[in-house]
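Asker: Okay, handing you the structure first.
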């Protein structure tokens with residue numbers, strides 16, 4: 009797609025995905041009032057929408073297209089503690105939302121991994137928490153503007169209910185969410201108690217996670233996938249979290265305004281030398297072993313473990329990193345681990361992070377990453393070795409009847425999505441085209457998955 013300068017204020021800019029592997033040159037515009045926003049969207053034949061710009065695939069730009077920023081729309085519009093509701097604009101960051109709520113004795117979940125992610129981004133990818141819940145489960149209603157349909161109120165019990173499922177996880181494809189009403193909760197404790205337990209290997213993890221999940225609010229793990237010994241492959245730490253009434257000495261509500269641009273703004277290449285994955289995993293293991301078995305963290309710090317540790321992302325440099333997140337049925341888990349061990353030992357990729365959690369909910373909706381099973385996340389340095397390794401992962405997820413997370417993996421092909429999501433992908437294409445016959449919203453992400 010290539011266009012001339014649009015008839016509204018804009019600048020020609022290069023946008024990059026957060027993982028650093030996709031780029032696009034676009035006309036970038038930042039409306040600061042709703043009338044200018046609506047006028048811009050009506051005028052543009054096709055457009056992309058940008059929130060915080062932290063999506064791993066490039067969901068906010070298409071080469072030569074128009075990207076409309078939601079930066080100015082970041083207010084809290086109303087707060088109703090009696091009904092446990094709050095109404096906000098799409099570019100409010102989840103960290104700012106949580107700070108507002110914590111000061112008043114309230115909480116919100118599920119939360120994404122970093123506090124600088126926008127509410128709109130959480131909607132677009134229907135994010136999930138550390139171990140349970142989807143963002144859609146905390147939404148009461150939202151207002152959606154689409155230039156061919158105007159502004160619509162979307163609820164699960166009104167005439168626009170079909171747009172609820174199409175928008176949640178739709179990666180911005182249905183239009184611009186102008187405001188959303190969220191369900192909040194009363195705060196159960198001023199702090200989070202975090203307990204650590206050892207994990208021997210990847211094969212044993214689901215049984216331990218299943219047992220611990222009945223005892224704790226959130227359970228997840230860190231796993232070292234650079235271990236060469238089969239008996240130790242994926243060994244790591246199980247984390248069990250619960251609210252606590254204990255008062256902490258710190259209250260770390262500040263957070264880094266992480267962006268895709270500043271993540272890779274170190275030097276042209278990666279700062280991670282070949283085989284640094286093993287050293288990073290070893291360093292993390294030592295760091296965790298020096299901490300207390302049970303930690304008490306202020307609620308904000310406990311909600312976002314990566315906050316304050318953004319150096320992890322910066323180490324990848326401008327070349328970036330790749331992430332694969334897979335959901336494997338429990339019955340197939342051990343056979344999957346057997347195959348994963350073999351391809352990992354053969355490829356020896358530079359894996360910097362492995363993590364597990366359990367999903368026990370089935371939300372069979374379009375491209376949403378939902379099913380019952382074990383979720384495995386893998387980060388690795390972006391290089392040809394990783395591309396080859398992730399291609400082998402694609403084969404494993406198909407063989408073991410799993411799902412890849414389309415919102416995490418920027419190189420995932422439409423063919424793999426077709427083989428894993430099947431009818432769900434077909435329904436998404438059909439229903440989206442029925443609503444938006446002109447395909448007004450375009451992005452590199454949507455172009456790839458909707459081929």
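Residue numbers (our numbering): 9 to 459. The beta-carbon is built from N, C-alpha and C at its ideal position, and this holds for glycine as well.
Which residue marks the beginning of the beta strand (DSSP E) containing residue 308, and which one marks its end?
Answerer: Residue 308 -> not in any beta strand (DSSP E); alpha helix (DSSP H) instead, spanning 307-311.
Asker: Are the Cβ atoms of residue 172 and residue 146 separated by less than 8 Å?
Answerer: No, these two residues do not count as a Cβ contact at 8 Å.
Asker: Is it the case that the Cβ atoms of residue 338 and residue 214 are separated by a distance below 8 Å?
Answerer: It is a contact, given that the beta carbons lie within the stated cut-off.
Asker: Applying the 10 Å Cβ sphere with the 16-neighbour rule, what's the burial state of residue 334?
Answerer: That one is buried.
Asker: Can you tell me whether residue 187 is buried or exposed, with buried defined as 16 or more other CB within 10 angstroms of its CB?
Answerer: That one is buried.
Asker: Taking a contact to mean a Cβ-Cβ separation below 8 Å, would you say residue 6 touches residue 308 in this structure?
Answerer: Residue 6 is absent from the structure shown; the chain starts at 9 and stops at 459.
Asker: Between residue 189 and residue 114, what straight-line distance do the alpha-carbon atoms span, to the nearest angstrom?
Answerer: So the alpha carbons of these two residues sit roughly 15 Å apart.
Asker: Would you mind working out which of 249, 411, 412 and 245 sits nearest residue 361, comparing C-alpha positions?
Answerer: The option with the nearest alpha carbon to residue 361 is 245.
Asker: Are the beta-carbon atoms of residue 419 and residue 29 separated by less than 8 Å?
Answerer: Contact: yes.
Asker: I'd like to know whether the C-beta atoms of residue 27 and residue 381 end up nearer to each other than 8 Å.
Answerer: No. Outside cutoff.
Asker: Take the Cβ of residue 25 as the centre, count every other Cβ of all protein chains shown within 10 Å, and call the residue buried at 16 or more, exposed below.
Answerer: Counting Cβ neighbours within 10 Å, residue 25 comes out buried, since at least 16 surround it.
Asker: Would you report the Cα separation of residue 397 and residue 163, rounded to the nearest angstrom?
Answerer: Roughly 42 Å separates the two Cα atoms.
Asker: Look at the alpha carbon of residue 96 and the alpha carbon of residue 82, and state the distance between them as a whole number of angstroms.
Answerer: Approximately 7 Å between the Cα atoms of the pair.
Asker: Just curious, the beta strand (DSSP E) that residue 388 is in, first and last residue?
Answerer: 381-389 is the extent of the beta strand (DSSP E) around residue 388.
Asker: Could you have a look at residue 211 and say whether DSSP puts it in helix, strand or coil?
Answerer: If DSSP states are grouped into helix, strand and coil, residue 211 belongs with coil.
Asker: Who are residue 411's beta bridge partners in DSSP?
Answerer: Answer is 335, bridged to residue 411.
Asker: Out of 351, 395, 427 and 305, which has the shortest C-alpha to C-alpha gap to residue 409?
Answerer: That would be 427, whose Cα lies nearest to the Cα of residue 409.
Asker: How far does the beta strand (DSSP E) with residue 31 in it extend, from its first residue to its last?
Answerer: Its beta strand (DSSP E) spans residues 31-37.
Asker: With a threshold of 7 Å on Cβ separation, who are the neighbours of residue 84 within its own chain once the five nearest residues in sequence on each side are excluded?
Answerer: Here the set comprises 94, 96, 100 and 108.
Asker: Would you check if the region 27-46 and the region 64-81 touch, i.e. whether three or more CB-CB distances between them fall below 8 Å?
Answerer: The region 64-81, when compared against the region 27-46, does touch it at the 8 Å Cβ threshold.
Asker: Use the C-beta contact count for residue 43: other C-beta atoms within 10 angstroms, 16 or more gives buried, fewer gives exposed.
Answerer: So residue 43 ends up on the exposed side.
Asker: Pick from 459, 385 and 122: whose alpha carbon is nearest that of residue 317?
Answerer: The residue with the shortest Cα to Cα distance from residue 317 is 122.
Asker: Let's see if you can read the secondary structure: which residues bound the beta strand (DSSP E) around residue 262?
Answerer: No beta strand (DSSP E) holds residue 262; DSSP gives it neither H nor E.
Asker: Would residue 144 and residue 197 qualify as a contact pair, given that the criterion is a beta-carbon distance under 8 Å?
Answerer: Against a cut-off of 8 Å, the Cβ pair of residue 197 and residue 144 comes out as no contact.
Asker: What residue range does the alpha helix (DSSP H) around residue 128 cover?
Answerer: 127-133 is the extent of the alpha helix (DSSP H) around residue 128.
Asker: For residue 384 and residue 378, I'd like the C-alpha separation in whole angstroms.
Answerer: One C-alpha to the other measures close to 13 Å.
Asker: Pick helix, strand or coil for residue 253, following the three-state DSSP scheme.
Answerer: Residue state, collapsed to three classes: coil.
Asker: Assign residue 22 to one of two classes, buried (16 or more other C-beta atoms within 10 Å of its C-beta) or exposed (fewer than that).
Answerer: Exposed, by the Cβ-count rule.
Asker: If you draw a straight line from the C-alpha of residue 319 to the C-alpha of residue 353, how long is it?
Answerer: Straight-line Cα distance between these residues: approximately 28 Å.
Asker: Determine the direct distance from the alpha carbon of residue 323 to that of residue 277, and round the result to whole angstroms.
Answerer: Interpretation of residue 277 is limited by its pLDDT of 48, a score under 50 that renders its predicted location unreliable; the figure taken from the coordinates is listed afterwards. Cα-Cα distance, rounded: 10 Å.
Asker: Bridge partners for residue 185 per DSSP, in chain order?
Answerer: The partner list for residue 185 (beta bridge, DSSP) reads 152.
Asker: Within 10 Å of its beta-carbon, does residue 265 have 16 or more other beta-carbons around it, so buried, or fewer, so exposed?
Answerer: Exposed is the call here.
Asker: Touching or not, the region 175-185 and the region 429-444, by the rule of three or more beta carbon pairs under 8 Å?
Answerer: Cβ pair count under 8 Å is three or more, so yes.
Asker: On the CB-based measure, 16 or more other CB atoms within 10 Å of its CB, does residue 154 come out buried or exposed?
Answerer: By the neighbour-count rule (16 or more Cβ atoms within 10 Å), residue 154 is buried.
Asker: Count the other CB atoms within 10 Å of the CB of residue 298; is the residue buried (16 or more) or exposed (fewer)?
Answerer: Exposed.
Asker: Below 8 Å on the Cβ atoms is my guess for residue 62 versus residue 129; work out the distance and round it to an integer in Å.
Answerer: Between residue 129 and residue 62 the Cβ distance is about 6 Å, and since that is below 8 Å, they are a contact.
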